[in-house]
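*Asks:* Take the sequence shown: its position 190, counted from the start at 1, is 190 in my numbering, and no numbers get skipped.
We put the CB at the ideal spot given by N, CA and C, even for glycine.
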Amino acid sequence: MSKGYLLGTVSVDRLALRPKDQYIELDIDLLRGERVVDLGLQERGAWLESGRKIQWDRLCVTAGSDVRRLEDFGDALYLRELRDAERLKALIDRREPLDIVGAGFIGCEVAAAARQRGCAVRVHEALTQPLLRVLGAELGGYLGEVHRRHGVDVRLNVESPPAAQGIRLVGVGSAPRTELAERAGLEVDRGIVVDELGRTSAPGVFAAGDVTRFFHPLLETRIRVEHFQTSQRQGFAVGRAMAGAAEPYHEVPWFWSDQYDLNLQYVGAGLPWDQTVTRGELGRPPFTQFYLDAGRLVAAAGINDHHTVARARRAMQARKELTVDQLADPRFDLRMAGR
Ligand SMILES: Cc1cc2nc3c(=O)[nH]c(=O)nc-3n(C[C@H](O)[C@H](O)[C@H](O)COP(=O)(O)OP(=O)(O)OC[C@H]3O[C@@H](n4cnc5c(N)ncnc54)[C@H](O)[C@@H]3O)c2cc1C
């Protein structure tokens, strides 16, 4: 919804997770337009807004996340649901000027799509570089320059954006939808707290996806991830656990972002790092930046360099030791790590 759909290269029917018929084939009752208002932990029956009650043996909360809203931005657009994307696309189709608040992934992707469609775009970011928290100053700075080269007016260190010239789109992150879980008394700590099998603090109650902060056995810490590859793969593991299998989700999170002719791939969980190492020349794709913490590889971000990121991902998954020299040397095949 922030890339191909706005560009007009992906049609709306390709945005659905699955075609409707597949739910029938899989014998899944999909209740649309029905909001759960109470998980009903005591009586093992969840209440819907319509007054209907659904008995359950095991329950999984997958309420996802919602955009973080800014006060005083009453008329602004946010991008979370299809109707938001449709509204935004209509504005872009009319080449309306756009003021984007927040240079995170959503802000940057929308800026790129809108510029490519010929809109005037200004981006206002509170921090010193776009995507600073995830990618750091060097790569964030590079991406800021890319946007400038494409004609985006990138404004950094902005405490409060000035009056908008165009339509305002706010992309300042999201927060897990934990209200139901909190009301039900489940343990919540910036996400529903679950173990490596998706089990919450209540027996028979599981949670998966964006809404969870889950224990990751490989990274040995609890993480919350907002990417669909992770929410799907972790979802598979939690579904299996609900059916009695104990196969923890332990893949290193991975996602990509498309901006102009650049494809960024990232592997890692946004954990803190104290050193970066670049393979190739930063600013001249293809190149990859590695992030290390106390000498251990914790993330990699590649620009038009998916082979390197895929190999780094396998090395991280197998907990292979890699030296700074090996990471920096494009001739060193990361598949040979630790051999
Ligand atoms: C514009 C945009 C672009 C993105 N781009 C990328 C990308 O390029 N790559 C990537 O990896 N990730 C991307 N993401 C993130 C990705 O979409 C999420 O990580 C993923 O959708 C999370 O899946 P989920 O099932 O946990 O939650 P969601 O997809 O948020 O699904 C939660 C569902 O639960 C429903 N719900 C909530 N509360 C209730 C209730 N009380 N009763 C009934 N239903 C309820 C919601 O309506 C929603 O349908 C993007 C997100 C957005 C918004």
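1. For the alpha helix (DSSP H) containing residue 232, name the first residue and the last one.
2. At which residue ranges does the stretch 78–116 contain complete beta strand (DSSP E) runs of 3 or more residues, listed in the order of the chain?
3. CB-CB under 6 angstroms to residue 154, same chain, minus the five flanking residues each way: which ones, in chain order?
4. How big is the Cα-Cα spacing for residue 205 and residue 212?
5. Exposed or buried, what is residue 106 when buried is set at 16 or more other beta-carbons lying within 10 Å of its beta-carbon?
6. For the stretch 178–237, list the alpha helix (DSSP H) runs that are entirely contained and at least 4 residues long, ordered along the chain.
7. For residue 120 versus residue 97, is the C-beta spacing smaller than 8 angstroms?
8. Assess contact between the stretch 304–317 and the stretch 247–257, defined as three or more Cβ pairs (one per stretch) separated by less than 8 angstroms. Is contact present?
9. Is the beta carbon of residue 180 closer than 8 angstroms to that of residue 36?
10. Beta-carbon separation of residue 210 and residue 162 under 8 angstroms?
11. Run through the DSSP bridge pairs and tell me what residue 55 is partnered with.
12. Just the Cα atoms here: how many angstroms apart are residue 314 and residue 321?
13. Which same chain residues end up closer than 7 angstroms to residue 66 when comparing Cβ atoms and leaving out the 5 residues on each side of it in sequence?
14. Please classify residue 220: is it buried, with 16 or more other beta-carbons within 10 angstroms of its beta-carbon, or exposed?
15. Between residue 170 and residue 60, is the Cβ-Cβ spacing less than 8 angstroms?
16. With three or more C-beta pairs closer than 8 angstroms as the rule, is the stretch 132–141 touching the stretch 262–280?
17. Would you kindly work out how many angstroms separate the C-alpha atoms of residue 88 and residue 42, rounded to a whole number?
18. Considering residue 281, what are the terminal residues of the beta strand (DSSP E) in which it resides?
19. Using only alpha-carbon positions, find the residue among 101, 289, 298 and 95 that is nearest to residue 75.
20. Can you tell me whether residue 290 is buried or exposed? The criterion is at least 16 other CB atoms within 10 Å of its CB, across all chains shown.
*Replies:* On the basis of the supplied data:
1. As a position in the sequence shown, residue 232 is number 232, starting the count at 1. Counting along the chain, the unbroken alpha helix (DSSP H) around residue 232 starts and ends at 228–242.
2. 98–101
3. In the sequence shown, residue 154 corresponds to position 154, counting from 1. Hits under 6 angstroms: 123, 144, 147 and 148.
4. For the purposes of this step, residue 205 is taken as residue 205 along the sequence shown, with counting starting at 1. For the purposes of this step, residue 212 is taken as residue 212 along the sequence shown, with counting starting at 1. Rounded to whole angstroms, the separation of the alpha carbons of residue 212 and residue 205 is 13 angstroms.
5. As a position in the sequence shown, residue 106 is number 106, starting the count at 1. Residue environment analysis places residue 106 among the buried positions, since at least 16 neighbouring C-beta atoms fall within 10 angstroms of its C-beta.
6. Entirely contained in the stretch 178–237, the alpha helix (DSSP H) runs reaching 4 residues are, in chain order, 179–184.
7. For the purposes of this step, residue 120 is taken as the residue at position 120 of the sequence shown. For the purposes of this step, residue 97 is taken as the residue at position 97 of the sequence shown. In this structure, residue 97 lies closer than 8 angstroms to residue 120 by Cβ.
8. yes
9. Mapped onto the sequence shown, residue 36 falls at position 36. Mapped onto the sequence shown, residue 180 falls at position 180. Their beta carbons are under 8 angstroms apart, which means residue 36 touches residue 180 by this criterion.
10. For the purposes of this step, residue 210 is identified with residue 210 of the sequence shown, where counting begins at 1. For the purposes of this step, residue 162 is identified with residue 162 of the sequence shown, where counting begins at 1. Going by C-beta atoms, residue 210 is not nearer than 8 angstroms to residue 162.
11. Indexing the sequence shown from 1 puts residue 55 at position 55. In the DSSP output, where bridge partners are listed per residue, residue 55 has 45.
12. For this step, residue 314 is matched to residue 314 along the sequence shown. For this step, residue 321 is matched to residue 321 along the sequence shown. Near 12 angstroms, if we compare the C-alpha coordinates of residue 321 and residue 314.
13. Your numbering for residue 66 matches position 66 in the sequence shown. Within the same chain, residue 66 has close Cβ partners 80, 174, 175 and 177.
14. Locating residue 220 in the sequence shown gives position 220, counting from the first residue. Counting every other CB atom within 10 Å of its CB across the protein chains shown gives residue 220 a total below 16, marking it as exposed.
15. Residue numbering aside, residue 170 sits at position 170 when the sequence shown is read from its first letter. Residue numbering aside, residue 60 sits at position 60 when the sequence shown is read from its first letter. Not in contact: residue 170 and residue 60 (Cβ atoms no closer than 8 angstroms).
16. Under the three-pair Cβ rule at 8 angstroms, the stretch 262–280 counts as touching the stretch 132–141.
17. As a first step, residue 88 must be located in the sequence shown, where it is residue number 88. As a first step, residue 42 must be located in the sequence shown, where it is residue number 42. Distance between residue 88 and residue 42, taken at the CA atoms: about 43 angstroms.
18. Along the sequence shown, read from residue 1 onward, the residue named residue 281 stands at position 281. Its beta strand (DSSP E) spans residues 275–281.
19. The sequence position of residue 75 within the sequence shown is 75, counting from 1. That would be 101, whose Cα lies nearest to the Cα of residue 75.
20. In the sequence shown, residue 290 corresponds to position 290, counting from 1. Residue 290 is buried by the Cβ-count criterion.
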